[in-house]
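Counting in this note's numbering, the sequence shown runs from 13 upward without gaps.
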Amino acid sequence: MVKQKTSLTFYGGVNEIGGNKILLEDKKVRIFLDFGQSFTMGAEYFTGWLRPRAVNGLRDYFEFNLLPKIRGVYAKELLAFTDLPYVKPKIDAVFLSHAHVDHVNYIQFLDPRIPVYLGVGTKFFLEAMEKTSSFYSYGEHQYRTFRTGDKIEVGGLVVEPVHVDHSIPAAYGFLIHTSEGAIVYTGDLRAHGPRKDMTEEFADKARESEPVATICEGTRMVEKEKRKNYSEHEVEKLSDKVVSSTDKIVFVTRYSRDMDRFRSFYNVAKNNGKKIVISPKTAHLLSKLVHDKHLRLPNPMKDKSILVYYKRKKTGSFQEKDYYIWEREFMDKMVNHKFVHKHQSEIVMDLDFYQFAELIDIRPGPDSHFIHSMSEPYSEEDIEDEVMHNWLRHFKIKFHQLHASGHMNRSQLTNLINYIKPKQIFPIHTENPKLFKAINKNVHLVRYGKRYTI
Ligand SMILES: [Zn+2]
């Protein structure tokens with residue numbers, strides 16, 4: 013009889029940052045680690061409002077190989093207009109490392125009979141995303157939540173999620189105990205965030221497992237880093253400098269699910285006796301996340317430092333019926349453009365780039381401030397970046413770039429790998445897998461869809 017070998021096949025995250033979909037097979041068990049959307053794949057064919065047609069299920073995705081054509085993975089109705097026949101699930105489980113779209117977004121296509129394992133906090137994020145945005149709809153799944161240290165058995169395979177620090181709460185790496193030994197998957201992680209102790213704990217457990225293989229992210233694995241990167245603590249300190257030295261309003265743009273960053277700006281506002289003004293979307297997310305005590309986030313309903321900004325909608329007169337039901341929950345905390353205009357000196361305001369038109373109504377005074385707390389643009393011809401600066405110039409707002417990455421840099425990745433000492437390394441979620449060769453000889457330059465036997 014042929015021995016069923018342990019193997020890894022990568023259907024995403026190959027020579028690109030994001031889109032992780034890793035098939036792990038061990039004897040008769042088959043699981044996927046993450047099932048995310050690629051940021052770059054498909055960019056040659058789809059742009060702006062030219063998108064895959066939802067009504068066609070997976071047809072448009074298969075046309076351009078945006079998803080692997082594998083039997084026993086996808087939901088029946090999504091295959092109706094494709095040439096891939098439906099068969100019952102051949103995947104035993106999908107494990108999600110964290111709620112970033114490049115790790116979770118394509119679970120919307122999975123056969124609902126495949127169980128989806130995810131962190132307790134990750135489930136809150138998915139629910140909030142579905143509720144507050146028309147872009148996200150994950151469909152029906154058998155969700156099974158875990159916490160760090162759990163040991164989940166799937167047909168003889170044991171999967172151990174271990175928390176890590178990343179730019180979203182409830183991020184995990186996995187130790188997968190296979191018949192050939194432990195396989196470590198880092199997910200996305202960093203060593204300079206407020207919970208670097210969690211990443212250290214993960215590294216310890218990974219090392220103890222004496223892994224036969226490590227699947228390691230390499231977002232910041234670059235020859236030389238040009239962009240400025242602070243630690244979370246530095247972002248808070250430098251933002252405090254901006255806020256404490258002005259009597260003008262300070263606007264902030266950050267990644268909507270980065271709750272460490274939210275906490276930093278919340279602290280800065282509070283410590284300076286100011287209020288933080290957030291969107292109903294952020295308020296909704298907070299109202300869910302407060303149920304996870306570990307996250308130590310403020311309750312938007314009760315916290316006196318938090319106000320919620322309502323845009324004009326429908327009637328234009330801020331009536332309850334103008335808003336979605338989930339938005340109405342925070343109307344006790346409602347402020348609008350008039351209030352913000354009047355109390356500029358007392359406010360730090362979350363303002364997403366796509367909400368910049370609100371500035372027309374808020375009419376901030378000259379020499380107000382704007383903190384761009386996200387990655388710097390990747391190219392110099394970034395149109396949104398140009399538009400953003402046009403708006404800031406128009407309103408005479410001062411610009412500050414203050415961001416801490418969610419990922420380890422090159423030397424931190426090197427330290428991690430040297431510490432874990434895996435027998436072989438599979439770099440993913442990186443544009444520069446070759447650079448891993450400088451750390452360890454046993455690096456696989458992963459090819460899409462190729463099966464690697466462990
Ligand atoms: Zn991530």
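For each residue, glycine too, the CB sits at the ideal point set by N, CA and C.
In this text, all values refer to a predicted model and were calculated from it rather than measured experimentally.
Cβ contact annotation for Lys282 (same chain, cutoff 6 Å, sequence separation greater than five): Ser317, in chain order. Selection Lys410, Met53, Asp46 evaluated against Asn117 yields Asp46 as nearest (Cα-Cα). Gln436 sits in coil when the DSSP states are folded into three classes, being neither helix nor strand.
With a cutoff of 7 Å, His112 counts as near ligand 1, since its C-beta is closer than that to a heavy atom of the ligand. Put simply, of Lys240, Gly161, Phe136 the residue whose alpha carbon is nearest the alpha carbon of Ala111 is Phe136. Under DSSP, Ile164 forms a beta bridge with Val171.
With fewer than 16 other CB atoms across the displayed protein chains lying within 10 angstroms of its CB, Pro97 is exposed.
Annotated three-state conformation of Ser276 is helix, per DSSP. In terms of Cβ geometry, Leu297 and Ala140 form a close pair [threshold 8 Å]. Residue nearest to Phe330 within the set Val352, Glu248, Tyr322 is Tyr322 (criterion: CA-CA distance). By the neighbour-count criterion, in which a residue is buried when 16 or more other Cβ atoms sit within 10 angstroms of its Cβ, Arg232 is buried. Inclusion of Gly418 in the 7 Å shell around ligand 1 follows from its C-beta lying nearer than that to a non-hydrogen atom of the ligand. Not one heavy atom of ligand 1 lies closer than 7 Å to the C-beta of Asp209. According to the DSSP assignment, Phe44 belongs to the beta strand (DSSP E) that extends over 41–47. Excluding the 5 residues flanking it on each side, Ala295 has same chain C-beta neighbours closer than 6 Å at Pro312, Val320, Phe342, in chain order.
In terms of Cα proximity to Lys453, the closest of Arg463, Arg459, Pro439, Met210 is Pro439. Taken from the Cβ of Asp177, every heavy atom of ligand 1 lies 7 Å or farther away. When the beta-carbon positions are compared, Pro124 and Glu142 stay at least 8 Å from each other. Cβ atoms of His412 and Ile383 come within 8 Å of each other, at about 5 Å. Remark: C-beta atoms of Ala66 and Thr134 do not approach each other more closely than 8 Å. In summary, Pro378 is exposed, with fewer than 16 beta-carbon neighbours lying within 10 Å of its beta-carbon over all protein chains present. One alpha carbon belongs to Asp252, the other to His204, and they sit about 19 Å apart.
Straight-line spacing of the CA atoms in Tyr129 and Pro80 works out to 21 Å. If you draw a straight line from the Cα of Gly168 to the Cα of Gln120, it is about 27 Å long. Set against 7 Å, the gap from the CB of His204 to the closest heavy atom of ligand 1 is not smaller. Under DSSP, Ser19 shares a beta bridge with Glu37, Thr465.
Residue burial is scored here from C-beta neighbours: Ile337 has fewer than 16 other C-beta atoms within 10 angstroms and is therefore classed as exposed. Secondary-structure assignment with DSSP links Asn421 through a beta bridge to Arg232.
Between the region 29–36 and the region 432–449, the count of Cβ pairs shorter than 8 Å is three or higher; the stretches touch.
With contacts defined as CB atoms closer than 8 Å, Gly24 and Gly48 qualify as a contacting pair.
Apart from sequence neighbours up to five positions away, the residues of its chain that approach His189 with a beta-carbon distance below 6 Å are Val170, ordered along the chain. Excluding its 5 nearest sequence neighbours in each direction, Phe58 has C-beta neighbours in its own chain below 7 Å: Pro64, listed in chain order. Taking the Cα positions, Phe214 is about 32 Å away from Ile82. His415 sits buried, since 16 or more C-beta atoms from the chains shown fall within 10 Å of its C-beta. Ranking Ser385, Asn68, His115, Tyr390 by CA distance to the CA of Ser50 puts His115 first. Counting of Cβ neighbours within 10 angstroms places Ile195 among the buried residues, the total reaching 16 or more.
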